[in-house]
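J.:
Numbering (our numbering), first residue to last: 152 to 467.
(1) Let me confirm a value: residue 230 is counted as buried when at least 16 other C-beta atoms fall within 10 Å, else exposed. Which label applies?
(2) Give me the DSSP bridge partner(s) of residue 247.
(3) Below 8 Å on the Cβ atoms is my guess for residue 343 versus residue 424; work out the distance and round it to an integer in Å.
(4) With a threshold of 7 Å, establish whether the CB of residue 268 neighbours any heavy atom of the ligand GTP.
(5) Could you name the residues of the same chain whose beta carbon sits closer than 6 Å to that of residue 329, not counting the 5 residues immediately before and after it, in chain order?
(6) For residue 327, which residues from the same chain have a beta carbon less than 6 Å from its beta carbon, with the 5 sequence-adjacent residues on both sides left out?
(7) For residue 349, which residues does DSSP report across the bridge?
(8) With burial defined as no fewer than 16 other Cβ atoms inside 10 Å of the residue's Cβ, what is the status of residue 476: buried or exposed?
(9) Answer with buried or exposed for residue 449, where buried requires no fewer than 16 other C-beta atoms within 10 angstroms of its C-beta.
(10) Quick one: using the 10 Å Cβ neighbour count with 16 as the cut-off for buried, is residue 190 buried or exposed?
(11) Taking contact to mean at least 3 C-beta pairs separated by less than 8 Å, is the segment 427 to 442 in contact with the segment 377 to 387?
(12) According to DSSP, is residue 454 part of a helix, a strand, or is it coil?
(13) Where do the ends of the alpha helix (DSSP H) carrying residue 233 lie?
(14) Count the CB pairs spanning the segment 299 to 311 and the segment 352 to 367 that are closer than 8 Å, and state whether there are at least three.
(15) Roughly how many angstroms lie between the CA atoms of residue 296 and residue 437, to the nearest whole one?
(16) Mind checking whether residue 351 and residue 271 have CB atoms under 8 Å apart?
(17) Do you know how far the Cα of residue 445 is from the Cα of residue 467?
(18) Terminal residues of the continuous beta strand (DSSP E) containing residue 300?
(19) If I'm right that residue 324 touches residue 287 with Cβ under 8 Å, what's the distance once you round it to whole angstroms?
(20) If residue 339 sits next to residue 441, beta carbons under 8 Å apart, how far is it from one beta carbon to the other, in whole angstroms?
(21) Using a Cβ-Cβ cutoff of less than 6 Å, which residues in the same chain neighbour residue 417 once the five nearest sequence positions on both sides are dropped?
(22) Quick one: Cα of residue 183 to Cα of residue 246, how far?
(23) Skipping 5 residues on each side, what residues in its chain have a beta carbon closer than 7 Å to that of residue 264?
(24) Check residue 265 in the structure and name its three-state DSSP category.
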């Protein structure tokens, strides 16, 4: 069930610390002749120990390059890392990696499973201090430069103070630098000089209302909002469904559109939507990775996304 609402700009405390297709009868697959042959049967190709040596291989050990070919001067590149705490039902690890530079490792851990649908109760369970503390500690061994809490609802469910407490909990557990999705959202809106937005969520109304309240506490006006009313399997929402909701919710007086929930796939549609609407489109995973990469002194990987393009990296 889709819910759309409009309303006046909220007021609050601006403080913030951080069709069926006929099935065709399949035909026997024709395999190219060369693909049926083993390497030893290929015409014009020598085999045997001498050939292996000539090809830089160790005789008797197929496909293993000689170690002596490696230069003594070869240097292993340094690999920085950042940590991410995700909900137990998070299914979009691959999307987080798309914002991650090639020489940065992404260390992801998950919060404990709770047998509840995507409701306020689930969001509250995902923000419990003990669970977050354990998750942070589980990430510390590879020494990440920063840790991001990648759950939108878990970081706004208890309001602005709840987000700040979550941030403090992460630091106390040993995170060298911490960010939450909802905290990063506020920071991103400030960088974009934006205080009036349209909002798209996958949530039921009770969860969407918590987000609107959180934004009001930070003096962020909401021109309109659309909720998809989902209680599970949010990661299965298609790009077309997200794009339709964004167009539906956009208003001329909205300076930007925010797509909430880190389980909503958005990477490939942010830039096209920005071109169509003529304004920034920001998303939960995007702001999370933007913030964590900034903390590591790096730039998130994306082209044509306003937030990534305008915000320069800053060291921890």
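Glycine residues also receive a C-beta, built at the ideal position from the N, C-alpha and C atoms.
T.: Once the coordinates are examined:
(1) exposed
(2) DSSP, once it has assigned bridges, lists no residue as partnering residue 247.
(3) No, residue 343 and residue 424 are not in contact; Cβ-Cβ is about 15 Å, not under 8 Å.
(4) As presented, the structure is devoid of all ligands, the ligand GTP included, so that no description of it is given.
(5) 298, 318, 321 and 322
(6) none
(7) 375 and 408
(8) Because the chain in this structure spans residues 152 to 467, residue 476 falls outside the shown range and cannot be described.
(9) buried
(10) Summary for residue 190: the model assigns pLDDT 41, below 50, so the residue's position carries little reliability, and this model does not support an answer.
(11) no
(12) coil
(13) First-last for residue 233: 231 to 237, but that is the beta strand (DSSP E), not the alpha helix (DSSP H).
(14) yes
(15) 18 Å
(16) no
(17) Low confidence applies to residue 467: its pLDDT is 44, below 50, so where it sits in the model is not reliable enough to give any reading.
(18) 298 to 300
(19) 4 Å
(20) 6 Å
(21) 410 and 434
(22) For residue 183, the predicted structure reports a pLDDT of 40, less than 50, and the residue's modelled location is therefore unreliable. The matter cannot be settled from this model.
(23) 239
(24) coil
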